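Accompanying notes for the structure given below.
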């Protein structure tokens with residue numbers, strides 16, 4: 005059997021209709037280096053979505069491998085209940101330095117679990133401060149926070165959640181969100197007009213609301229939409245006035261994707277809970293983290309007999325190998341001045357996507373921020389899977405685009421070289437032209 | 005600041021009341037080797053619970069490090085949607101070989117996520133075969149399946165779930181479970197008498213039941229209780245007759261802990277969904293897997309437009325580094341004849357725990373299977389945290405016991421040497437004697 009047959013015999017691929025693989029078999033990757041995936045057939049693909057938004061530094065950085073080996077020589081992983089080690093302490097310090105107020109860190113491996121920890125903890129914290137009637141969650145319309153059922157309950161993605169409705173919690177979705185094309189958009193700094201209906205919506209549930217969860221600035225699975233930083237300022241002010249917790253899900257946006265360490269930094273707001281994952285290890289190993297404030301921590305801090313503990317755990321909470329990789333990633337960001345280089349990449353991405361739009365006449369609603377740019381296909385029949393066809397065509401041409409429905413986007417490693425973006429633009433343009441003739 | 009202060013400034017430890025750390029600070033681990041944790045103060049601790057039940061082969065096996073490095077040189081991780089690689093194909097073949105009927109594998113990182121996938125998929129599968137009214141889950145009384153909210157919904161652990169009740173689904177808990185002291189117990193082969201009330205309980209909900217989830221043979225967090233293999237035979241027969249799915253959560257029991265590759269092998273039953281994690285990488289890196297049958301897979305297999313896809317994903321679904329480690333673990337099990345050596349370890353564990361019970365007169369209800377033995381402390385005031393005190397005393401003496409409440413257990417790496425078990429017994433005995441004077 006060749007590897008494709010062996011794969012399809014046993015692997016149920018994530019986020020896939022497996023029947024699609026009959027005509028579009030999985031691409032066999034044997035190696036990856038920098039921004040490129042090397043295939044078994046000898047060709048390469050540009051990793052245009054950073055392997056699901058996580059490989060912020062590309063593939064196979066030798067410094068990361070050295071850090072991984074160094075750690076493996078001493079300590080792979082131990083239970084983190086009642087123990088500590090220099091690696092996890094260092095990582096926790098690195099994470100606590102991200103914000104002025106989020107001093108405490110709890111770990112898991114999957115991003116969904118970090119979201120579940122934040123939601124559970126917010127509810128529990130409200131109880132502990134005598135606000136047990138605050139049991140409701142709100143989230144932004146079109147948001148996405150993961151696939152475990154509580155995370156899915158606060159995700160506004162019909163397709164993903166429809167079959168599981170009997171298992172989901174109710175959630176108040178805030179709509180409409182003031183989307184923008186980027187930081188130069190007028191609404192970026194002022195969305196007061198759009199805020200008022202949201203405020204009205206929130207005021208109706210203010211006495212029972214526990215927390216509001218959101219992907220700050222960019223909604224990933226929701227077609228890479230960007231929204232006003234000013235919206236977050238309004239939201240933060242309202243939440244503070246109404247004793248409602250804010251949960252920022254920075255799993256996709258964190259560590260430079262929007263140009264700043266955190267996307268909430270665009271709005272200069274503080275939140276009560278922060279979730280990070282993907283970029284934390286530059287997509288090398290799974291580790292996720294939830295940060296919260298000393299104020300929240302103190303609510304749970306009491307004699308054991310009082311029964312106030314947050315008894316949440318995962319086996320690999322704080323896996324030491326993953327933590328060592330994460331620490332190395334923090335160092336590389338410094339050493340390579342990654343944050344300083346994003347503006348140039350950002351402008352280049354925008355310029356090239358505009359060029360593709362101009363040449364093909366098939367892309368509209370171009371938006372970009374940091375190291376991400378997106379546009380929607382202009383098509384007659386939006387129910388046809390044009391994006392999926394362009395995806396397949398682009399693979400023949402040398403890029404792993406994987407559009408979101410009929411939205412094309414580039415989301416390359418933050419250190420992707422300029423010529424690779426040019427290549428990516430050529431491939432995208434050709435693929436669009438071939439499919440949307 | 006010393007490392008303890010630095011830790012407590014930022015780390016919220018899992019499954020902990022952080023105030024406990026004031027008088028019992030986290031133990032600083034700098035290295036681990038085989039069955040021993042090496043501390044910053046120069047002493048060692050026996051890893052008596054295999055770092056939360058996962059380090060089946062102990063720490064720092066050079067073969068695992070070699071496999072990890074070899075993989076890191078070529079491919080760390082890529083998106084697994086629409087791609088494949090030799091490493092994940094090999095792992096999926098290894099997993100599919102575990103049972104005759106579970107041919108399809110889906111991955112996550114945390115064990116809880118594997119459980120959520122199985123629960124979601126079982127509900128979805130019932131819908132797809134016209135049984136959408138089957139929305140209820142049943143689970144064994146005293147069971148535990150994880151901390152994300154759907155996993156917690158089917159866990160019968162009051163302490164862990166109480167604060168989150170508003171977020172949990174209802175679940176039918178089957179009671180009482182026919183517990184046994186081990187495979188030599190009369191009830192191990194025949195629990196017909198105990199089965200009848202359970203059957204009655206199940207019959208009352210048979211038309212709305214979607215799936216039954218259980219930890220086969222051993223309930224971990226529920227005080228390491230062992231139950232009749234015959235119970236699982238009855239359960240499997242009933243489920244088959246009533247079109248109800250069975251979900252075996254082997255996250256803790258899988259890969260040799262009960263003496264066989266899977267705990268369901270004791271009963272010779274087939275299930276519809278199987279969850280594994282912990283031992284899969286011998287606790288080196290986080291990866292979890294959910295297996296299901298071709299029959300279930302086929303329900304979801306259709307043209308994309310039919311909307312039958314199982315659209316679940318995690319960023320690190322099938323992380324390649326973790327998969328490489330898992331493949332190496334499968335090889336080590338063969339190379340070192342791990343399964344063949346468990347019976348000797350098993351007998352030794354039982355014998356030594358009985359000896360501790362005899363010498364101290366403070367342990368009762370000794371039960372054991374495979375590489376696990378447990379006993380309950382005989383105490384006047386069961387609300388006192390005797391187990392916690394013995395835990396602290398044992399750390400001074402050289403073992404990381406971490407009891408479950410007032411239940412002491414040994415759950416060492418499967419390749420732990422005989423003299424280490426003798427040491428562990430001495431330490432346990434001394435710690436009990438010092439605390440329960």
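Residue numbers (our numbering), protein chains in the order written: chain A, 5 to 441; chain B, 5 to 441. The C-beta atom is built at its ideal place from N, Cα and C for all residues, glycine as well. Treat the numbers as computed from the prediction; the structure is a model and nothing was measured.
The beta carbon of residue 179 of chain A lies closer than 6 angstroms to those of 145 in the same chain, with the five residues before and after it left out. Taking the CA atoms as reference points, residue 280 of chain B sits about 46 angstroms from residue 437 of chain A. Within the segment 17-43 of chain A, the residues whose Cβ lies closer than 7 angstroms to some Cβ of chain B are 17, 18, 19, 20, 21, 22, 23, 24, 30, 31, 32, 33, 34, 35, 36 and 41, listed in chain order. At a cut-off of 3 residues, the continuous stretches assigned as beta strand (DSSP E) that sit fully inside the segment 222-273 of chain A are 229-231 and 249-253. Nearest to residue 348 of chain A by alpha-carbon distance, out of A:108, A:372, A:82 and A:336, is A:372. Within the segment 75-96 of chain A, contact with chain B at the beta-carbon level (separation under 8 angstroms) is assigned to 76, 77, 78, 79, 80, 81, 82, 83, 84, 85, 86, 87, 88, 89, 90, 92, 93 and 96.
At a beta-carbon threshold of 7 angstroms, the residues of chain B lying near residue 164 of chain A are 315, ordered along the chain. At a cut-off of 8 angstroms, the C-beta of residue 287 of chain A has a neighbouring C-beta in chain B. Across the set A:241, A:224 and A:416, the C-alpha of A:224 shows the shortest separation from the C-alpha of residue 150 of chain A.
Not a single CB atom of chain B sits nearer than 8 angstroms to the CB of residue 184 of chain A. Annotation: the segment 344-388 of chain A contains the following complete segments of the beta strand (DSSP E) (minimum length 3 residues), in chain order: 367-373 and 376-381.
Contact annotation: in the segment 317-342 of chain A, residues whose CB is within less than 7 angstroms of a CB in chain B are 317, 318, 319, 320, 321, 323 and 325. For residue 277 of chain A, the enclosing beta strand (DSSP E) begins and ends at 277-280. At a cut-off of 8 angstroms between beta carbons, residue 7 of chain B contacts chain A.
Contact between residue 405 of chain A and residue 381 of chain A does not hold, since their C-beta atoms are separated by about 12 angstroms, which reaches or exceeds 8 angstroms. About 14 angstroms separates the beta carbon of residue 115 of chain A from that of residue 261 of chain A, a gap too long to meet the 8 angstroms contact definition. At least 8 angstroms separates the beta-carbon of residue 102 of chain A from that of residue 92 of chain A. Residue 107 of chain A places its beta carbon 8 angstroms or farther from that of residue 269 of chain A. Nearest C-alpha to residue 217 of chain A among A:389, A:190 and A:250: A:250. The continuous stretches of alpha helix (DSSP H) do not include residue 41 of chain B, which lies in the beta strand (DSSP E) extending over residues 40-43. Taking a beta-carbon distance threshold of 8 angstroms, residue 110 of chain B counts as an interface residue toward chain A. Secondary structure within the segment 103-133 of chain B: the beta strand (DSSP E) runs of 3 or more consecutive residues, fully enclosed, are 108-112 (chain order). Taken atom to atom, the span from the alpha-carbon of residue 142 of chain A to that of residue 277 of chain A is near 14 angstroms.
Interface criterion met: the Cβ of residue 281 of chain B is under 8 angstroms from a Cβ in chain A.
Proximity of residue 173 of chain A to chain B, defined by a Cβ-Cβ separation below 8 angstroms, is satisfied. Residues of chain B whose Cβ lies closer than 9 angstroms to the Cβ of residue 124 of chain A are, in chain order, 151, 152, 153, 156, 167, 168 and 171. Against chain A, a Cβ distance below 9 angstroms from residue 102 of chain B picks out nothing, because the smallest value is about 11 angstroms.
Those residues of the segment 114-140 of chain A placed with their C-beta closer than 7 angstroms to a C-beta in chain B are 114, 115, 116, 117, 120, 124, 127, 128, 131 and 139, ordered along the chain. Pairing residue 313 of chain A with residue 435 of chain A, the inter-Cα distance amounts to about 55 angstroms. Within the segment 390-413 of chain B, 406 place their CB atoms closer than 7 angstroms to a CB of chain A, listed in sequence order. The DSSP-derived three-state label of residue 28 of chain A is coil. If you look at residue 144 of chain A, you'll find it in the beta strand (DSSP E) that goes 140-144. Sequence-distant partners of residue 121 of chain B (beyond 5 residues in either direction) whose C-beta falls short of 7 angstroms from its own C-beta, in its chain, are 110, 112, 294 and 316.
Taking a beta-carbon distance threshold of 8 angstroms, residue 253 of chain A does not count as an interface residue toward chain B.
Closest by C-alpha distance to residue 357 of chain A, out of A:275, A:185 and A:243, is A:185.
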